[in-house]
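The first sequence begins at 103 in my numbering and counts up one residue at a time.
We treat Cβ as the ideally placed atom computed from N, Cα and C, and that holds for glycine.
Each remark here refers to the structure printed beneath this line.
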Amino acid sequence: MTSSGAPLQAPIGTHDVLGPASAEWEGLIATFAQFAYRFGFSLIISPLFEDVAVFNRGIGEQSDVAKKEMYVFSDRSDRTYALRPEGTASVVRAFVQHQPNTPWKAWYVTPAFRYERPQAGRYRQHHQLGVEVLGTDDPAVDVEVIALAWRFYEALGLRKVRLLINSMGHDDCRDGFVQLLRDHLSSNASKLCDEHGRLWSENPLRVLDCKKEACRAVTDSGPQLPDHLCDECREHFDRVLNGLSALGISATRDPRLVRGFDYYTRTTFEFVSDSIDGAQNAIGGGGRYDKLAEQLGGKPASGIGFGSGIERLLLARTAEGVQQVLLKRDLDIFVVDTTGVDAATPIVDQLRRAGYAVDRAYDGRSMKAQMKVADKSGARLALLLGPQELAGGQITMKDLRNDDFSNSQRTFDLSDLVANIAKQLEE
RNA sequence: GUGGGCGUAGCUCAGUUGGUUAGAGCGCCAGGUUGUGGUCCUGGAGGCCGCGGGUUCGACCCCCGUCGCUCACCCCA
Numbered sequence: 103m104t105s106s107g108a109p110l111q112a113p114i115g116t117h118d119v120l121g122p123a124s125a126e127w128e129g130l131i132a133t134f135a136q137f138a139y140r141f142g143f144s145l146i147i148s149p150l151f152e153d154v155a156v157f158n159r160g161i162g163e164q165s166d167v168a169k170k171e172m173y174v175f176s177d178r179s180d181r182t183y184a185l186r187p188e189g190t191a192s193v194v195r196a197f198v199q200h201q202p203n204t205p206w207k208a209w210y211v212t213p214a215f216r217y218e219r220p221q222a223g224r225y226r227q228h229h230q231l232g233v234e235v236l237g238t239d240d241p242a243v244d245v246e247v248i249a250l251a252w253r254f255y256e257a258l259g260l261r262k263v264r265l266l267i268n269s270m271g272h273d274d275c276r277d278g279f280v281q282l283l284r285d286h287l288s289s290n291a292s293k294l295c296d297e298h299g300r301l302w303s304e305n306p307l308r309v310l311d312c313k314k315e316a317c318r319a320v321t322d323s324g325p326q327l328p329d330h331l332c333d334e335c336r337e338h339f340d341r342v343l344n345g346l347s348a349l350g351i352s353a354t355r356d357p358r359l360v361r362g363f364d365y366y367t368r369t370t371f372e373f374v375s376d377s378i379d380g381a382q383n384a385i386g387g388g389g390r391y392d393k394l395a396e397q398l399g400g401k402p403a404s405g406i407g408f409g410s411g412i413e414r415l416l417l418a419r420t421a422e423g424v425q426q427v428l429l430k431r432d433l434d435i436f437v438v439d440t441t442g443v444d445a446a447t448p449i450v451d452q453l454r455r456a457g458y459a460v461d462r463a464y465d466g467r468s469m470k471a472q473m474k475v476a477d478k479s480g481a482r483l484a485l486l487l488g489p490q491e492l493a494g495g496q497i498t499m500k501d502l503r504n505d506d507f508s509n510s511q512r513t514f515d516l517s518d519l520v521a522n523i524a525k526q527l528e529e
């Protein structure tokens with residue numbers, strides 16, 4: 103279990119994002135930032151690790167994540183921290199700590215860590231982007247948060263996404279339902295699947311989520327969550343459903359949808375991609391958490407949010423064959439210098455200060471070699487500096503996208519450089 | 001935590017019933033006379049064949065272990 107001798111590599115279940123993949127990531131994140139901005143959210147950056155209590159009290163000590171998937175560690179002063187396993191708890195902790203004016207709308211993009219066996223669409227470090235709204239329980243906010251996710255997925259080109267939605271109820275009605283469910287499970291415990299036959303009493307709601315036939319049969323015949331909502335919760339849920347419907351967002355009610363964290367109340371929802379085979383088809387999810395701020399030691403404040411896994415969004419995009427380019431980051435100019443006196447450096451600096459994206463070759467390679475690099479860089483223009491140009495105070499500009507080699511370049515005085523480039527790039 | 005598949009150059013992969021200097025394509029580097037890219041041609045660099053042990057005269061190939069990758073179960077993003 104040591105790393106001695108073996109070549110260093112990224113830890114199990116983690117990966118480096120580089121090359122074309124990083125451009126896709128950059129585009130995805132930029133797109134989300136744009137949507138968050140349009141919807142009135144501001145970016146929040148909070149610590150990657152928190153006092154372990156933030157997560158234990160947040161997502162629930164009985165949840166699988168808290169029990170066996172968290173990266174917990176002690177620092178040199180023996181404080182116990184955990185790497186964030188999800189995005190919401192930290193944001194709510196920050197809300198409690200700083201007490202910003204409400205409603206408070208924050209968006210984030212962050213790594214999340216869970217100690218699990220990796221497989222397709224599941225990693226020990228994955229990345230989420232999401233939003234949280236605190237300080238209001240207006241159903242219009244539920245609708246807005248879901249709509250943000252929905253419109254974002256649309257912008258990514260995803261078409262095979264389904265929205266599943268449920269209401270967990272609030273305090274009393276939820277607790278009442280759990281009691282009924284507990285009674286039902288208790289008298290049918292022998293019929294449950296192996297795992298839940300043993301564990302149902304720890305967290306009865308989880309049994310609803312079990313996909314095994316045995317558990318399904320038992321829960322089908324038992325109490326149903328939607329039948330036990332109080333009048334207020336029912337009205338809230340109806341307003342959410344109506345609001346979505348008014349926006350043309352179709353939601354499928356799923357009474358079994360309880361989600362993995364204990365903090366959810368009322369609205370819960372999940373986005374699944376029908377293009378992804380296998381179990382990792384949830385590309386996003388979220389819900390309302392009206393007690394979480396209190397659980398983290400703050401004043402009562404309602405909240406709702408959603409998070410989406412970047413890796414799974416990309417998986418879904420690939421599965422759907424989406425070719426859409428989200429972000430173009432082509433270079434404007436590539437500078438080739440064969441003068442031997444590094445004439446490129448001040449030119450490159452001048453052009454970058456003028457706002458152009460500029461790169462150059464290094465190591466004094468041959469003009470042919472530098473031109474090949476220029477070609478591969480994707481730059482629109484190449485600037486050539488050789489002994490001839492140097493002697494005459496000139497520079498040669500070549501349009502790399504012009505197929506006609508003989509007519510693709512011209513030489514002019516260095517003092518006319520920026521003006522000529524501006525003109526050329528306009529075309 | 002449990003099970004299946006796989007680990008040969010930077011990447012994708014060949015490698016004949018175990019037999020001598022381990023190959024290809026792509027990429028990379030250098031050339032193809034006079035300072036110029038995308039096609040083409042030539043040459044070159046680059047591999048403890050994941051790691052350790054075993055069987056054998058001899059192992060990339062067979063056996064065991066180990067590490068890693070991958071897929072699935074569980075759960076989730």
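At a cut-off of 7 Å, is residue i close to the ligand PLP when judged by its beta-carbon and the heavy atoms of the ligand?
i, result
"Val263", "The ligand PLP is absent from the structure shown, which contains no ligand whatsoever."
Rounded to whole angstroms, what's the CA-CA distance from residue i to residue j? Just pull it up for me.
i, j, result
"Asp461", "Val437", "6 Å"
"His298", "Val247", "33 Å"
"Leu398", "Ala123", "38 Å"
"Thr370", "Asp506", "60 Å"
"Val320", "Leu310", "9 Å"
"Leu516", "Gln496", "5 Å"
"Arg178", "Phe157", "21 Å"
"Thr367", "Gly407", "12 Å"
"Pro187", "Ile161", "9 Å"
"Phe514", "Val520", "11 Å"
"Leu346", "Leu502", "50 Å"
"Thr104", "Tyr173", "Because the pLDDT of Thr104 is 36, which lies under 50, any placement of that residue in the model is unreliable, and the question is left without a value."
"Met270", "Leu331", "8 Å"
"Lys430", "Leu527", "16 Å"
"Phe175", "Pro109", "25 Å"
"Gln382", "Gly411", "11 Å"
Take the Cβ of residue i as the centre, count every other Cβ of all protein chains shown within 10 Å, and call the residue buried at 16 or more, exposed below.
i, result
"Glu372", "buried"
"Pro306", "buried"
"Leu417", "buried"
"Glu126", "buried"
"Leu479", "The sequence as given places Ser at residue 479; Leu does not occur at that position. So Ser479 ends up on the buried side."
"Gly232", "buried"
"Ser292", "exposed"
"Glu256", "exposed"
"Ile523", "buried"
"Gly494", "exposed"
"Arg419", "buried"
"Ile146", "buried"
"Val374", "buried"
"Glu315", "exposed"
Compare the Cα-Cα distances from residue i to each of the options and report the closest residue.
i, options, result
"Cys312", "Arg361, Arg336, Asn268 and Gly271", "Arg361"
"Ala476", "Cys332, Gln221, Gly259 and Lys500", "Lys500"
"Ala384", "Arg414, Asp432 and Arg358", "Arg414"
"Asn344", "Pro241, Lys293 and Asp274", "Pro241"
"Arg467", "Tyr458, Asp451 and Thr440", "Thr440"
"Ser303", "Ser508, Gly494 and Gln164", "Gln164"
"Leu250", "Gly386, Arg159 and Gly162", "Gly386"
"Ile351", "Ile267, Ser410 and Lys430", "Ile267"
"Lys525", "Asp434, Val450 and Met469", "Asp434"
"Gly142", "Pro113, Ile114 and Val243", "Val243"
"Glu218", "Lys474, Pro113, Ser404 and His330", "Pro113"
"Gly115", "Asp322, Ala184 and Glu171", "Glu171"
"Asp153", "Tyr183, Thr133, Ala168 and Leu130", "Tyr183"
"Cys275", "Tyr210, Asp333 and Arg300", "Asp333"
Terminal residues of the continuous alpha helix (DSSP H) containing residue i?
i, result
"Trp302", "That residue, Trp302, is in no alpha helix (DSSP H); it is neither H nor E in DSSP."
"Lys474", "Met469 to Ser479"
"Val450", "Ala446 to Arg455"
"Val520", "Leu519 to Glu528"
What is the residue span of the beta strand (DSSP E) that residue i lies within?
i, result
"Arg368", "Thr367 to Ser375"
"Met172", "First-last for Met172: undefined, no H or E at that position."
"Asn268", "Val263 to Ser269"
"Gln111", "Run containing Gln111: none; DSSP gives neither H nor E here."
"Gly494", "Taken as a continuous stretch (DSSP letters only), Gly494 belongs to no beta strand (DSSP E), being part of the alpha helix (DSSP H) at Pro489 to Gly494."
"Ile435", "Ile435 to Asp439"
"Ile385", "Ala384 to Arg390"
"Val460", "Val460 to Arg462"
"Asp515", "Gln511 to Asp515"
Alpha helix (DSSP H) segments (min. 4 residues) lying fully within the segment 300-353: 306-311, 315-322 and 333-348
In the segment 137-206, which residue ranges form an unbroken alpha helix (DSSP H) of at least 4 residues, counting only runs that do not cross its ends? 154-161 and 190-200
Return the chain-ordered ranges of every beta strand (DSSP E) run that is complete within the segment 209-283 and spans a minimum of 3 residues. 227-236 and 263-269
Where are the beta strand (DSSP E) runs, 3 residues long or more, that stay fully inside the segment 393-431, in chain order? 405-411
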